[in-house]
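Below: the structure, in structure tokens.
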Amino acid sequence: MKVFEWDDLRVFLAIYRGRSVRAASKLMGVSHSTISRRLQAMESQLDLKLFVRHNEGFILTEMGEAMVERAERVESEILSMEREVFGRDALLSGPIRITMLPHIAQHLIIPHIVKFTALYPDIHIEIDANNNIVDLDRRNADIAIRFQAEPEDHLIGRKLPDFGLAVYASLDYEAEHSFTGKKPSARWLSWEKANQNGLLSRWIKATPYAYCQVQHSIADPLALQQAVIAGLGFAYLFSFTADQASQLKRLPNIDMQFIPAWILTHPDSIATERVKVFARFLWDALNEDKDLIQGTIN
């Protein structure tokens with residue numbers, strides 16, 4: 004059987020991330036027919052389907068799932084080599100606008116931007132750290148880090164490690180309150196508004212502490228964590244920040260929950276070399292932080 008070439012894997016990853024031939028063709032700068040022909044050749048070579056075609060986009064088959072991690076590993080090594088060999092000589096300059104939640108900017112991204120700036124001193128990073136969804140179509144940002152199950156069809160997405168959440172209370176709060184029984188004294192803190200029956204409400208109902216009332220709502224993750232530290236209640240918190248707080252303790256007998264995350268760019272933005280280089284750099288860096296992000300370091 005013929006060995007895959009790097010361009011074959013690039014086509015495979017472009018279809019996986021774009022979920023369509025159209026998005027993959029924009030990402031790679033080639034025609035729809037070229038992408039379709041290369042995919043057909045790969046599937047014929049394997050005598051297996053890599054994608055199932057649905058109305059909502061291309062979905063990986065079991066064989067396709069098995070290829071993703073290996074293909075991304077090859078991509079990471081090649082891109083790392085390109086950065087090392089060519090990066091310092093590349094004349095990359097200008098602004099890049101990136102948007103994300105404030106706690107991701109503060110606790111994950113800033114240290115990596117320091118390293119990126121050392122490699123590309125003429126690129127200027129503009130960070131828009133807020134809880135709003137910035138419109139990439141209007142070019143209000145070049146890159147977004149978002150929590151969502153799947154990216155919009157027309158955006159180019161790179162899947163990040165799922166972000167882990169666990170239930171935390173301060174050491175004093177745990178010692179001074181009851182969490183079980185019919186009338187527990189402990190109180191949940193929520194990021195959902197009162198009377199909402201969203202994802203968090205479903206998580207709470209599945210815990211051993213379902214009888215504890217939800218008393219307060221705090222939408223910002225960092226403010227929510229500070230409220231737990233101050234003893235206002237207990238809550239689901241992102242582990243990559245909560246595990247660093249010595250005043251907090253994970254409560255036992257509760258499965259962790261996970262939220263999918265993506266690095267997203269508009270096809271027009273990713274065509275700009277500095278945006279492409281930065282998006283690749285961030286993806287590599289955040290995958291190196293996988294254990295921290297998923298909460299497996301505790």
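This note's numbering puts the sequence shown at residues 4 to 301.
Built from N, CA and C at the ideal position, the CB exists for glycine as well.
These numbers come from a predicted model, not from an experiment.
Counting C-beta neighbours from all protein chains within 10 Å, is the total for residue i 16 or more, i.e. buried, or is it exposed?
| i | result |
| --- | --- |
| His127 | exposed |
| Ser28 | buried |
| Pro255 | exposed |
| Leu95 | buried |
| Trp9 | exposed |
| Arg141 | exposed |
| Thr120 | exposed |
| Leu192 | buried |
| Met45 | buried |
| Ser242 | buried |
| Arg91 | Note on Arg91: pLDDT 46, under 50, position unreliable in the model; the coordinate value appears next. Under this definition Arg91 is an exposed residue. |
| Val278 | buried |
| His106 | buried |
| Ile38 | buried |
| Gln260 | buried |
| Leu111 | buried |
| Ile116 | buried |
| Gly201 | exposed |
| Ile159 | buried |
| Gln228 | buried |
| Phe89 | Its pLDDT being 47, under 50, Phe89 is placed unreliably by the model, and nothing is read from it. |
| Glu153 | exposed |
| Leu174 | exposed |
| Ile136 | exposed |
| Val55 | exposed |
| Gln104 | Strictly speaking, residue 104 in this sequence is Leu, with Gln absent from that position. Counting Cβ neighbours within 10 Å, Leu104 comes out buried, since at least 16 surround it. |
| Ile273 | buried |
| Arg41 | buried |
| Leu139 | buried |
List the endpoints of the continuous alpha helix (DSSP H) containing residue i.
| i | result |
| --- | --- |
| Met31 | Val24 to Met31 |
| Tyr19 | Trp9 to Gly21 |
| Ile116 | Ile113 to Leu122 |
| Ala233 | Pro224 to Ala233 |
| Thr37 | His35 to Leu49 |
| Phe284 | Glu276 to Glu291 |
| Lys2 | Nothing about residue 2 can be reported from this structure: the residues present for the chain run from 4 to 301 only. |
| Pro270 | Pro270 to Ile273 |
From the DSSP output, which residues share a beta bridge with residue i?
| i | result |
| --- | --- |
| His127 | Pro98 |
| Lys162 | Trp265 |
| Phe150 | Ala264 |
| Phe61 | Arg56 |
| Lys252 | Ala172 |
| Tyr239 | Val170 |
| Ala132 | Met103 |
Could you spell out the range, first to last residue, of the beta strand (DSSP E) harbouring residue i?
| i | result |
| --- | --- |
| Val217 | Gln216 to Ser220 |
| Trp191 | Arg190 to Ser193 |
task = Report yes or no: do three or more beta-carbon pairs, one from the stretch 133-146 and one from the stretch 99-110, lie closer than 8 Å?
result = Yes, they touch.
ask   = Counting pairs of beta carbons, one from the stretch 217-230 and one from the stretch 267-278, are three or more of them closer than 8 Å?
value = In this structure the stretch 217-230 does not lie against the stretch 267-278, because fewer than three pairs of beta carbons, one per stretch, are closer than 8 Å.
message = Closer than 8 Å is the cut-off here; do at least three beta carbon pairs connect the stretch 292-299 with the stretch 160-178?
response = Contact between the stretch 292-299 and the stretch 160-178 is present: three or more C-beta pairs spanning the two stretches fall below 8 Å.
message = Below 8 Å, how does it come out for the stretch 281-288 and the stretch 75-83: are there three or more Cβ pairs, yes or no?
response = The count of Cβ pairs closer than 8 Å, one atom from the stretch 281-288 and one from the stretch 75-83, reaches three, so the stretches are in contact.
Segment contact, 8 Å Cβ cut-off, at least three pairs: the stretch 56-71 with the stretch 8-28 = Contact holds: three or more Cβ-Cβ distances are below 8 Å.
inquiry  = Pairs of beta-carbons, one from the stretch 168-187 and one from the stretch 232-239, closer than 8 Å: are there three or more?
reply    = By the Cβ test, the stretch 168-187 is in contact with the stretch 232-239, since at least three Cβ pairs between them sit closer than 8 Å.
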